[in-house]
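The opening position of the sequence shown corresponds to residue 2 in our numbering, with each subsequent residue numbered one higher.
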Amino acid sequence: MNWIGFAIGLVAAISTSVLSALGIALQRKSHVDEEEKPADERTAYVTRPMWLLGFGLYLACQTFGASIALGQLPTLILAPLGSVQLVFNAIFASMLSGDPFDQTDIYATALVTAGAIIVTVAGYTGEQALSISKQIELIQRRPFVTLQLAVQCLTLILLIALLFVTVRGPRNSSKNQRNRSLLSAVLAGTLQAESFIAGKCAVELLKLTIFGHDNQFGKLGSLFLLLMILVLAVSNLFFFSEALRLGSAVLCFPVCYCVFIIVSFLDSVIFFDADLSAMKIAFSAAGALIIIAGVLILSRPRRDSQPSEDETLPLVSK
């Protein structure tokens, strides 16, 4: 193992997680501040300096920091490292936005972190740089095609459910906005996992092009990969921003992260054709269940989040 590269990737991954959490908290703070204004004085979030700062920080981290980390670390290590972001997300959300964070939330965060560590250790496999032709070969394998069909069906069902809840439900009710926030968070996590594996493939192509002196971006498949990354990234940012607008960051991010780590783990294992023993699979499944348990605790209803009828962002503790 290249320990220098590993250390660089580890520092990049942790720094990206911390700064991304700060960016998320700033976006949420912008929504909270806007909520306190009269309805006729509120502006679109894309025109608010604090929201733009948070969004820019989050986007820069996910673009540049993640690219460095993806180039140095296996995806099965990178995905669980997102638990660092989960911890700092809860801290920043409590400090900046006043989102409730009690002792139970601390225990739940510890559960998610422990589950992430278990998945990392149990699911670690080596990864090699893959040419575009090899990547296309792996994509066409039946297990990966089956997984992608299942993920796309899930995405379509979530989109339909979100559309139904948005159109048919009372827009200003606490329950409706909570449901929309959760659906948006699940969609964001799914799309982030798909862009994660696509980004890893693109970084491997870039490494082969630069260090292997073999241009991998002159083929149609490479251009399609870049287009797919762009579409997935924009879609992920949109749905995650909507989740933050409608609900607490302490609620949204754990749900998004839970979906992300499970889907990205399956993507990585199946795409890279990882050879995992039955024991490793069992430990990975146990880790995933622990993560889900922690997320369910973090996403429980909050008694102190009772909005008035005219609020558009009800899930905020005053």
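Glycine included, every Cβ here is placed at the ideal spot set by N, Cα and C.
Residues near Val113 in its chain [Cβ-Cβ closer than 8 Å; skip 5 each side]: Here residue 113 refers to the residue found at position 112 when the sequence shown is read from its first residue. These residues qualify, in order along the chain: Ser84, Leu87, Pro255, Tyr258, Cys259, Ile291, Ile292, Gly295, Val296 and Leu299.
Which stretch, first to last residue, makes up the alpha helix (DSSP H) that contains Cys253? By 1-based counting over the sequence shown, the position of residue 253 is 252. It spans Ala250 to Phe272 - the alpha helix (DSSP H) in which Cys253 sits, taken as one unbroken run.
DSSP state of Leu74 mapped onto helix, strand, coil: Taking the sequence shown and counting its residues from 1, the one referred to as residue 74 is at position 73. In the structure shown, Leu74 sits in coil (DSSP, three-state: anything other than H, G, I, E or B).
If you draw a straight line from the C-alpha of Cys202 to the C-alpha of Thr48, how long is it? Translated into the one-based positions of the sequence shown, residue 202 becomes position 201. Translated into the one-based positions of the sequence shown, residue 48 becomes position 47. One C-alpha to the other measures close to 34 Å.
Helix, strand or coil at Leu159 [DSSP, three-state]: Counted from its first residue, the sequence shown places residue 159 at position 158. Looking at Leu159 - three-state DSSP - the assignment turns out to be helix.
Thinking Asn90 and Ala45 are a contact (beta carbons under 8 Å), I'd like their distance in whole angstroms, please. Residue 90 sits at position 89 when you count from the first residue of the sequence shown. Residue 45 sits at position 44 when you count from the first residue of the sequence shown. Not really, about 24 Å apart at Cβ, beyond 8 Å.
What three-state label does DSSP hand Pro50 in the structure shown? In the sequence shown, residue 50 corresponds to position 49, counting from 1. DSSP places Pro50 in helix when its eight states are reduced to three.
Three Cβ pairs or more, each shorter than 8 Å: is that satisfied between the region 176 to 196 and the region 89 to 107? no
Ala109 versus Phe240: straight-line alpha-carbon distance, rounded: The count along the sequence shown starts at 1 and reaches residue 109 at position 108. The count along the sequence shown starts at 1 and reaches residue 240 at position 239. Between Ala109 and Phe240, the C-alpha separation is close to 24 Å.
Just checking: is the beta-carbon of Leu97 within a distance shorter than 8 Å of some beta-carbon in chain D? Within the model displayed, chain D is absent; a lone protein chain is all it includes.
What do you get for Thr64, buried or exposed, if any count of 16 or more other CB atoms within 10 angstroms of its CB means buried? Indexing the sequence shown from 1 puts residue 64 at position 63. Thr64 is exposed by the Cβ-count criterion.
Taking the C-alpha atoms as reference points, what is the distance between Ala40 and Arg246? Mapped onto the sequence shown, residue 40 falls at position 39. Mapped onto the sequence shown, residue 246 falls at position 245. Going from the Cα of Ala40 to the Cα of Arg246 covers about 15 Å.
So, is Cys62 buried or exposed, given that buried needs 16 or more other C-beta atoms within 10 angstroms? The residue given as residue 62 occupies position 61 in the sequence shown. Cys62 comes out buried.
Going by alpha carbons, who is nearest to Trp52 out of Gly24, Ala70 and Ser175? To locate residue 52, count along the sequence shown from 1; it is residue 51. The option with the nearest alpha carbon to Trp52 is Gly24.
Rounded to whole angstroms, what is the Cα-Cα separation between Arg181 and Leu27? One-based indexing of the sequence shown puts residue 181 at position 180. One-based indexing of the sequence shown puts residue 27 at position 26. Whole-angstrom Cα-Cα distance: 21 Å.
Do the CB positions of Ala14 and Ala70 come within less than 8 Å of each other? Taking the sequence shown and counting its residues from 1, one reaches residue 14 at position 13. Taking the sequence shown and counting its residues from 1, one reaches residue 70 at position 69. Yes, the Cβ-Cβ distance between Ala14 and Ala70 is below 8 Å.
Entirely within the region 163 to 251 and at least 4 residues each: give me those alpha helix (DSSP H) ranges in chain order. 175 to 212 and 221 to 247
Below 8 Å on the Cβ atoms is my contact criterion, and I expect Val251 with Asp34 to pass it. Report the Cβ-Cβ distance as a whole number of Å. To locate residue 251, count along the sequence shown from 1; it is residue 250. To locate residue 34, count along the sequence shown from 1; it is residue 33. That pair is no contact at about 18 Å.
Does the beta-carbon of Arg142 have 16 or more other beta-carbons within 10 angstroms, so that it is buried, or is it exposed? Along the sequence shown, one-based indexing puts residue 142 at 141. Classification of Arg142: exposed, given that the 10 Å Cβ count is below 16.
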